[in-house]
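Residue numbers (this note's numbering): 1 to 525.
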């Protein structure tokens, strides 16, 4: 990297962590009989770091506790849970950061190159972390069949939002307008707003207007489609069950009984279970405007462009009542479950990422308020009004018939989660940067300053998987599982033991991030 690029990186880093009140550009307007202008010492914007750290900590919490408390996990399809706020928080924080980083742009061409470079790095890192190469906690294998690479994930979605919002900040803002009134604020960013409305319109037109035909998929998670499959060790004592769906397809699921009686094509012979599985399942759609799992335009576009093998293979709708007897948790398929329950669906797909990018644009406007208005009261007032307005619009849209769905990233979901993001940032800003109460949030601050490394190692289960690789005689006897089991035994509860273990895990990552901060180590792209 050239020295010029290094200087440019340092300038961008400084801009993102720009003080609340910048003494180099701020003077107080006074009359002749008043005190002379004074400069205010630089203060770091801590609230944004705390907001980032809270988002990462929340992601670790809901991912690891969701199996013990399904109500904290992502909503099976419609509705909103705590886990559903994590992605909007990420995107919103990215938008705020963009406004700070690009509030002064000396060269649009150089800034554009930097945006493209970071977008590519984020996308590629997402492919590495969530493309399927790492198999996660509890699985000591790794490796990926490239024909089944998952193209989209959390970082890929963030990279798309970052790219669209950053490019609009560079090229669609009128930098010659001095904001001295609400009308001037609108004129300065009007083209940017029009662009975001255009993205939103494209999403809505495709979601409600695109024709979704009937489609067929293969059961990639069932043995060998169309062949006679052999399952050894049938003395599993109820860990496998076979059920016949309404589509005529045999499906496997984990339930506490092994029953093959009355199902054609299933025979017990010589200690083997013989199962004949047809090649695919036909899903009947032939409609427009459906928001249900099998026939929505979001899934149709991903299947058309990405292909089924490159999508998320365990979608949240497997926790719906139609697909799980343990809903809202994962569980065995009900006897009358539809065939699409086993179909793939990507919650971070192509079309939904367009609407998700709008959350970045909302965060961008909060960042504009931070840059333009210097008084704390102005910022808090404008942020609060903006946030409550978003919440009201979101609830009105839900009443009018647009349901809340994180999987589809519906318009109502975007408004409500963006409004909630704004309120959380406003509260943190008031506590941390106005009242200066920073000790209670210092762990979150440290995590936010190294959010990328904590996300990669903790939220993507890379570090736990590495630790699990060192075990005593049996893979189950590892430090991670043993520690969690110990806490569960102490508390005499599997659920509350898991929660306590995850809280300790979050504290560990906060302290590790604090150690990196003390050493001046910050991992960024």
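Backbone N, C-alpha and C fix where the C-beta goes; we use that ideal spot for every residue, glycine too.
Use the C-beta contact count for residue i: other C-beta atoms within 10 angstroms, 16 or more gives buried, fewer gives exposed.
i, result
"residue 181", "exposed"
"residue 320", "buried"
"residue 408", "buried"
"residue 145", "exposed"
"residue 436", "exposed"
"residue 108", "exposed"
"residue 286", "exposed"
"residue 472", "exposed"
"residue 592", "Since the first and last residues shown for the chain are 1 and 525, residue 592 lies out of range."
"residue 440", "exposed"
"residue 203", "buried"
"residue 73", "buried"
"residue 377", "exposed"
"residue 448", "buried"
"residue 469", "exposed"
"residue 47", "buried"
"residue 269", "Since pLDDT at residue 269 reaches only 38, below the 50 mark, its modelled position is unreliable, and the value read off the structure follows with that caveat. With fewer than 16 Cβ atoms within 10 Å of its Cβ, residue 269 is classed as exposed."
"residue 205", "exposed"
"residue 113", "exposed"
"residue 213", "exposed"
"residue 402", "buried"
"residue 189", "buried"
Could you tell me which residues DSSP pairs with residue i in its beta bridges?
i, result
"residue 281", "217"
"residue 288", "211"
"residue 134", "142"
"residue 471", "478"
"residue 405", "79"
Roughly how many angstroms lie between the CA atoms of residue i and residue j, to the nearest whole one?
i, j, result
"residue 384", "residue 104", "26 Å"
"residue 196", "residue 464", "39 Å"
"residue 97", "residue 363", "8 Å"
"residue 411", "residue 352", "10 Å"
"residue 281", "residue 294", "12 Å"
"residue 498", "residue 122", "31 Å"
"residue 356", "residue 474", "43 Å"
"residue 458", "residue 184", "44 Å"
"residue 338", "residue 201", "32 Å"
"residue 179", "residue 379", "15 Å"
"residue 386", "residue 371", "16 Å"
"residue 199", "residue 168", "12 Å"
"residue 50", "residue 141", "35 Å"
"residue 116", "residue 495", "44 Å"
"residue 64", "residue 425", "24 Å"
"residue 67", "residue 61", "11 Å"
"residue 304", "residue 505", "40 Å"
"residue 110", "residue 158", "21 Å"
"residue 501", "residue 405", "30 Å"
"residue 562", "residue 429", "Nothing can be reported for residue 562, as the shown portion of the chain is limited to 1 through 525."
"residue 149", "residue 288", "29 Å"
"residue 414", "residue 477", "43 Å"
"residue 99", "residue 208", "32 Å"
"residue 130", "residue 300", "22 Å"
"residue 127", "residue 344", "18 Å"
"residue 539", "residue 485", "Since the first and last residues shown for the chain are 1 and 525, residue 539 lies out of range."
"residue 119", "residue 59", "22 Å"
"residue 316", "residue 382", "36 Å"
Identify the continuous alpha helix (DSSP H) that holds residue i and give its terminal residues.
i, result
"residue 95", "86 to 101"
"residue 368", "350 to 372"
"residue 390", "376 to 399"
"residue 436", "Per DSSP, residue 436 belongs to no alpha helix (DSSP H) and is neither H nor E."
"residue 313", "Where residue 313 is concerned, there is no enclosing alpha helix (DSSP H), given that its DSSP letter is neither H nor E."
"residue 322", "Note, residue 322: premise wrong, no alpha helix (DSSP H); not H, not E."
"residue 63", "46 to 65"
"residue 517", "494 to 518"
"residue 448", "442 to 449"
"residue 298", "297 to 305"
"residue 168", "154 to 171"
"residue 412", "411 to 428"
Segment contact, 8 Å Cβ cut-off, at least three pairs: the stretch 329 to 346 with the stretch 378 to 394
no
Contact between the stretch 481 to 499 and the stretch 151 to 166 (3+ Cβ pairs under 8 Å):
no
Three or more beta-carbon pairs under 8 Å between the stretch 75 to 92 and the stretch 415 to 425, yes or no?
yes
Any 3 or more C-beta pairs closer than 8 Å across the stretch 136 to 154 and the stretch 188 to 204
no
Quick check: the stretch 73 to 83 against the stretch 442 to 458, are there 3 or more CB pairs under 8 Å?
no
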